[in-house]
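Novice:
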Amino acid sequence: MNPEPERPTTDSPEHDSRRRFDVAFVVRLIVLAAFIGLGTKALLDQHLEVLADTGPRGWGAATTPQATTDAYFRAMLRDHEPTALEELRQPTEPLRAAIAALPAHGDLIFVGPEEDSSYVLTYLVTGYLAWPRSVYEAGCGRLPGQLVPPPSTRIAGIIYYLRPPPACLPPGRRVIPQTILVPVSENVSWDCYCSR
Amino acid sequence: MGLLLFALASLLLLIGGGGVAGLIVPRDHRLHALEWLSLAILCGAGVVSMSSFLLGWLVSGTALRMIVTLICLLLGAAGIRHWRRAGIEMIWPKPASVGDCVLLCLLMLQIGLMVWLSLRFPMAWDGLLNWEIKARLASLNGGVIPTAYFQSKSLFWSHPEYPLLVPLTEAWVYSWLGGYHQGLVKLVFPLFYFAALGLLATGSARIVKEQRTAWLPPLLLFFIPLALTRGGSVTSGYVDFPLAVYYLAAAIWLAEYWQTASPGALRMLGIIGAMLPWLKQEGTILWGCLVILAAIKAVRQRQLLRLWGMVLPGACVLIGWMLFIRFIRAPLGQDYMPLTMATLKSNAGRIPLILRTLLTELVNWRNWGLLWPALLPALSLLGKREQREPTAALFLAIALPLVLFLEIYLFIGTSNKSLENHLDASLPRLMLQVSLVAVLLTGVALSIRRDSAG
Numbered sequence: 021m022n023p024e025p026e027r028p029t030t031d032s033p034e035h036d037s038r039r040r041f042d043v044a045f046v047v048r049l050i051v052l053a054a055f056i057g058l059g060t061k062a063l064l065d066q067h068l069e070v071l072a073d074t075g076p077r078g079w080g081a082a083t084t085p086q087a088t089t090d091a092y093f094r095a096m097l098r099d100h101e102p103t104a105l106e107e108l109r110q111p112t113e114p115l116r117a118a119i120a121a122l123p124a125h126g127d128l129i130f131v132g133p134e135e136d137s138s139y140v141l142t143y144l145v146t147g148y149l150a151w152p153r154s155v156y157e158a159g160c161g162r163l164p165g166q167l168v169p170p171p172s173t174r175i176a177g178i179i180y181y182l183r184p185p186p187a188c189l190p191p192g193r194r195v196i197p198q199t200i201l202v203p204v205s206e207n208v209s210w211d212c213y214c215s216r
Numbered sequence: 004m005g006l007l008l009f010a011l012a013s014l015l016l017l018i019g020g021g022g023v024a025g026l027i028v029p030r031d032h033r034l035h036a037l038e039w040l041s042l043a044i045l046c047g048a049g050v051v052s053m054s055s056f057l058l059g060w061l062v063s064g065t066a067l068r069m070i071v072t073l074i075c076l077l078l079g080a081a082g083i084r085h086w087r088r089a090g091i092e093m094i095w096p097k098p099a100s101v102g103d104c105v106l107l108c109l110l111m112l113q114i115g116l117m118v119w120l121s122l123r124f125p126m127a128w129d130g131l132l133n134w135e136i137k138a139r140l141a142s143l144n145g146g147v148i149p150t151a152y153f154q155s156k157s158l159f160w161s162h163p164e165y166p167l168l169v170p171l172t173e174a175w176v177y178s179w180l181g182g183y184h185q186g187l188v189k190l191v192f193p194l195f196y197f198a199a200l201g202l203l204a205t206g207s208a209r210i211v212k213e214q215r216t217a218w219l220p221p222l223l224l225f226f227i228p229l230a231l232t233r234g235g236s237v238t239s240g241y242v243d244f245p246l247a248v249y250y251l252a253a254a255i256w257l258a259e260y261w262q263t264a265s266p267g268a269l270r271m272l273g274i275i276g277a278m279l280p281w282l283k284q285e286g287t288i289l290w291g292c293l294v295i296l297a298a299i300k301a302v303r304q305r306q307l308l309r310l311w312g313m314v315l316p317g318a319c320v321l322i323g324w325m326l327f328i329r330f331i332r333a334p335l336g337q338d339y340m341p342l343t344m345a346t347l348k349s350n351a352g353r354i355p356l357i358l359r360t361l362l363t364e365l366v367n368w369r370n371w372g373l374l375w376p377a378l379l380p381a382l383s384l385l386g387k388r389e390q391r392e393p394t395a396a397l398f399l400a401i402a403l404p405l406v407l408f409l410e411i412y413l414f415i416g417t418s419n420k421s422l423e424n425h426l427d428a429s430l431p432r433l434m435l436q437v438s439l440v441a442v443l444l445t446g447v448a449l450s451i452r453r454d455s456a457g
């Protein structure tokens, strides 16, 4: 009969090593549980379940060719004209098509209130959609517009965002809610854009 | 149909990248299937974007797509041939226990959830307006970004001077889809997420010198909220997460080089690191850090000549892109003050604010969960082990870029935006770029088994 293996005594080096190991193991478990717990709480707090709704009033982006720009415009509509959300599921396309239908070789001017929180994004998205046309901005707020066209630039249209066109221009056409496109055949004085 | 075409574009990318991975991996290296797949994604995006950029000067449209397809297929064939001749051994992932099976199932669930989140989140501002815009313009111009864009003053806000790995990978997908598609293109980013999981699983196994795949480190990635949502994340369409994945891959080879001083590891580090400046401007800083850290080991090992071989690919990419930007006269950002000692001295008063913001961000659990606070205990758990060299390499690969990133804020201009705003907007994203290495270290420390501890 084999003798029973000798067990480490409480003051043996082997016992010390095992105790150290057990402490390390417990530390690992605690850190791991805290890591997973805190990460889960941070994720749950984001309420990602709202993304499941890709309907007109939902926050989730649909898998469409203009999913992101549509989501941006929908966020703008939520703030400024929520009733339009139902009627206009994909707001990007009418704006893109209206810009594309302008006479070739002409740039755009984007006019809107710079103090509005959606102004910058809508201007940038218009520039994104308008290529190869350039889009210059005339922010009619506290700050001057950032991008003024060179004097020789041929302007094909002016986009009025969150404000109506002034009397010095034709009335234009509402392409999406809060956005009016005014086609122009000759350049207008820069002072006109922000006048009432 | 769109999904099928996306799958085809991804498959070709994987074939090309898999071929490159097969060609460059060291002969004595036992390649894990997951690592190979991860490297295939990273190298594939590099091959597709670089060949689209270079060939785009000669051809466009269907011809460009077919030539890039041919390059992918040829690289795939060359990789397989080399692989067979070199006798490189492939390790297949085999869950060794019920626990491993559970972790593997959780990882599958994680990937599925990331795909869903990517589809449902709209891209964040920079994802669309700095990065995807380039892919869209290429898509409207036969797969080639129009020269006029690089000189455009009206689209200066989209940073035409930014490098093109991710935009031209997106453009590759668009070329197969037949046009731009903001919805499906977001599926490119879960590929990088998958690559991150693969690298975390196999990288940690290599650090602790185990054959078994470590399934815990990749699982931890899901509990870093900033990697999943918000600006910089997988779902945002920003380049920060892909940059973090490339950096992780390079850092793993850096750790291997510190551990083994193997020339093959240095070569892999050089090739993967070379893609960093092709992703984003901060990629140049990350690449520079890798060069410094590799140099520390190379000097000790008297391998200076080999170090030049590591530096060369990245230097070619970086200098090539800088020359292109100057040649084409792209408008350069005016975000920085002159990089002089005078600027440094005059802005030294910013240091307390910068450090305070860093400390606040390190414990910001809504962005990071427990990642940064857990890193120190993790290092102490690893400190007594034989993995000191790779651990030190990985720790320095986190700390050195962070220090350099903080230094940037001493030179940043504040005419348009306050320093606080700059820090709030960009510091978390800069930290994200090195965070996967922190996940790796933490994961390794937390997943060491009883039989390998001591």
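First to last, the protein sequences are chains A and B. Using this note's numbering, the first residue of the first sequence is number 21, and each one after it goes up by one. Using this note's numbering, the first residue of the second sequence is number 4, and each one after it goes up by one. Note that CB positions come from ideal geometry on N, CA and C, so glycine has one too. Source: prediction; values computed, not measured.
A/Asp42: buried (16+ other C-beta within 10 angstroms of its C-beta) or exposed?
Specialist: For this step, residue 42 of chain A is matched to residue 22 along the first sequence. Exposed, because fewer than 16 other Cβ atoms sit within 10 Å of the Cβ of A/Asp42.
Novice: Could you tell me which chain B residues have their CB closer than 7 Å to the CB of A/Ser138, listed as they occur along the chain?
Specialist: The residue labelled residue 138 of chain A in the question sits at position 118 within the first sequence. Within chain B, no residue comes near A/Ser138; the closest Cβ sits about 12 Å away, beyond 7 Å.
Novice: Could you tell me the boundaries of the beta strand (DSSP E) in which B/Phe225 lies?
Specialist: As a first step, residue 225 of chain B must be located in the second sequence, where it is residue number 222. Element bounds for B/Phe225: n/a, residue is neither H nor E.
Novice: State yes or no: is the C-beta of B/Lys137 within less than 9 Å of the C-beta of B/Leu167?
Specialist: One-based indexing of the second sequence puts residue 137 of chain B at position 134. One-based indexing of the second sequence puts residue 167 of chain B at position 164. For B/Lys137 and B/Leu167, yes; Cβs fall inside 9 Å.
Novice: So which residues of chain B does A/Gly147 contact, with C-beta pairs closer than 7 Å?
Specialist: Position 127 of the first sequence, counted from the start, is the residue given in the question as residue 147 of chain A. By Cβ distance, chain B contributes Ser157 and Leu158.
Novice: In the DSSP assignment, what are the bridge partners of B/Leu251?
Specialist: Position 248 of the second sequence, counting from 1, holds the residue named residue 251 of chain B. According to DSSP, B/Leu251 bridges with nothing at all.
Novice: Among B/Met313, B/Gly59 and B/Val440, which residue has its Cα nearest to the Cα of B/Trp175?
Specialist: Taking the second sequence and counting its residues from 1, one reaches residue 175 of chain B at position 172. If we check each option's Cα against that of B/Trp175, B/Gly59 comes out closest.
Novice: Per DSSP, what kind of secondary structure is A/Tyr181 in: helix, strand or coil?
Specialist: Residue 181 of chain A sits at position 161 when you count from the first residue of the first sequence. Three-state result, A/Tyr181: strand.
Novice: Using a Cβ-Cβ cutoff of less than 7 Å, which residues in the same chain neighbour B/Gly457 once the five nearest sequence positions on both sides are dropped?
Specialist: In the second sequence, counting from the first residue as 1, residue 457 of chain B sits at position 454. Low confidence applies to B/Gly457: its pLDDT is 38, below 50, so where it sits in the model is not reliable, and the reading given next is rough at best. Taken in chain order, the list of residues that qualify is empty.
Novice: Tell me whether the stretch 253-272 of chain B and the stretch 390-397 of chain B touch, counting them as touching only if at least three CB pairs, one residue from each stretch, are closer than 8 Å.
Specialist: With a cut-off of 8 Å, the stretch 390-397 of chain B and the stretch 253-272 of chain B count as touching, because enough Cβ pairs lie within range.
Novice: Which chain A residues sit within Cβ distance under 7 Å of B/Met117?
Specialist: Stepping through the second sequence from its first residue, residue 117 of chain B is reached at position 114. Within chain A, no residue comes near B/Met117; the closest Cβ sits about 11 Å away, beyond 7 Å.
Novice: Per DSSP, what kind of secondary structure is B/Leu34 in: helix, strand or coil?
Specialist: Taking the second sequence and counting its residues from 1, one reaches residue 34 of chain B at position 31. B/Leu34: strand per DSSP, three-state reduction.
Novice: Can we say the stretch 168-185 of chain A touches the stretch 197-209 of chain A, given the rule of at least three CB pairs closer than 8 Å?
Specialist: Cβ pair count under 8 Å is three or more, so yes.
Novice: Could you give the distance in angstroms between the alpha-carbon of B/Leu107 and the alpha-carbon of B/Pro98?
Specialist: Position 104 of the second sequence, counting from 1, holds the residue named residue 107 of chain B. Position 95 of the second sequence, counting from 1, holds the residue named residue 98 of chain B. Taking the straight line joining both Cα atoms gives about 8 Å.
Novice: Would you say A/Pro152 faces chain B, with C-beta separation under 9 Å as the test?
Specialist: Against the first sequence, residue 152 of chain A aligns to sequence position 132. Yes, because at least one Cβ of chain B sits closer than 9 Å to the Cβ of A/Pro152.
Novice: Can you give the Cα-Cα distance for B/Ser155 and A/Pro152, rounded to whole angstroms?
Specialist: One-based indexing of the second sequence puts residue 155 of chain B at position 152. One-based indexing of the first sequence puts residue 152 of chain A at position 132. C-alpha separation (whole angstroms): 10 Å.
Novice: Thinking C-beta only, is B/Leu373 closer than 9 Å to A/Val131?
Specialist: The sequence position of residue 131 of chain A within the first sequence is 111, counting from 1. The sequence position of residue 373 of chain B within the second sequence is 370, counting from 1. Cβ atoms of A/Val131 and B/Leu373: not closer than 9 Å.
Novice: Between the Cα of B/Leu67 and the Cα atoms of B/Ser41, B/Ala141, B/Ala43 and B/Leu110, which residue gives the shortest distance?
Specialist: Residue 67 of chain B sits at position 64 when you count from the first residue of the second sequence. Out of B/Ser41, B/Ala141, B/Ala43 and B/Leu110, B/Ala141 has the C-alpha closest to the C-alpha of B/Leu67.
Novice: Can the beta-carbon of B/Ala199 be found less than 9 Å from the beta-carbon of B/Pro228?
Specialist: As a first step, residue 199 of chain B is located in the second sequence; it is residue number 196 there, counting from the start. As a first step, residue 228 of chain B is located in the second sequence; it is residue number 225 there, counting from the start. No, Cβ-Cβ distance for B/Ala199 and B/Pro228 is not below 9 Å.
Novice: With the cut-off set at 9 Å, would you say B/Leu444 and B/Leu399 are in Cβ contact?
Specialist: Counting from 1 along the second sequence, the entry for residue 444 of chain B is found at position 441. Counting from 1 along the second sequence, the entry for residue 399 of chain B is found at position 396. No, the pair does not count as a contact, with Cβ atoms beyond the cut-off.
Novice: Under 9 Å between beta-carbons, which chain A residues line up against B/Thr232? List them in chain order, please.
Specialist: By one-based count along the second sequence, residue 232 of chain B stands at place 229. Correct list: Leu63, Gln66 and Leu68.
Novice: Under 7 Å Cβ to Cβ from B/Gly146, same chain only, skipping five residues before and after it: list those, please.
Specialist: Here residue 146 of chain B refers to the residue found at position 143 of the second sequence. Cβ neighbours of B/Gly146 beyond the five flanking positions: Ser55, Gly59, Ser63, Gly64, Leu67, Arg68, Ala174 and Ser178.
Novice: Distance cutoff 9 Å, beta carbons only. Does B/Leu154 sit that close to anything in chain A?
Specialist: Within the second sequence, numbered from 1, the residue matching residue 154 of chain B stands at position 151. According to the sequence provided, residue 154 of chain B is Gln. The question's Leu does not apply to it. Output row for B/Gln154: interface = no.
Novice: For B/Thr263 and A/Arg98, what's the separation of their Cα atoms in angstroms?
Specialist: Locating residue 263 of chain B in the second sequence gives position 260, where the first residue counts as 1. Locating residue 98 of chain A in the first sequence gives position 78, where the first residue counts as 1. Near 58 Å, if we compare the C-alpha coordinates of A/Arg98 and B/Thr263.
Novice: Using 8 Å for Cβ pairs, my map puts A/Asp127 next to A/Tyr148. What's the rounded Cβ distance?
Specialist: Within the first sequence, numbered from 1, the residue matching residue 127 of chain A stands at position 107. Within the first sequence, numbered from 1, the residue matching residue 148 of chain A stands at position 128. At roughly 15 Å, the Cβ-Cβ gap does not stay under 8 Å, so A/Asp127 and A/Tyr148 are not in contact.
Novice: Quick one, are the C-beta atoms of B/Gly20 and B/Ala81 less than 9 Å apart?
Specialist: In the second sequence, counting from the first residue as 1, residue 20 of chain B sits at position 17. In the second sequence, counting from the first residue as 1, residue 81 of chain B sits at position 78. Cβ distance not < 9 Å, so B/Gly20 and B/Ala81 don't count as in contact.
Novice: Ordered along the chain, which non-local residues of its own chain (more than five positions away) have a Cβ less than 6 Å from that of B/Leu403?
Specialist: Counting from one through the second sequence, the residue named residue 403 of chain B turns up at place 400. If we look at B/Leu403 and ignore the five residues flanking it on each side, its Cβ neighbours are Cys292.
Novice: Please give the ranges of any alpha helix (DSSP H) in the stretch 251-330 of chain B, keeping only runs that are unbroken, at least 4 residues long and fully inside the region.
Specialist: As far as the stretch 251-330 of chain B is concerned, its whole alpha helix (DSSP H) runs of at least 4 residues are 266-276 and 284-304.
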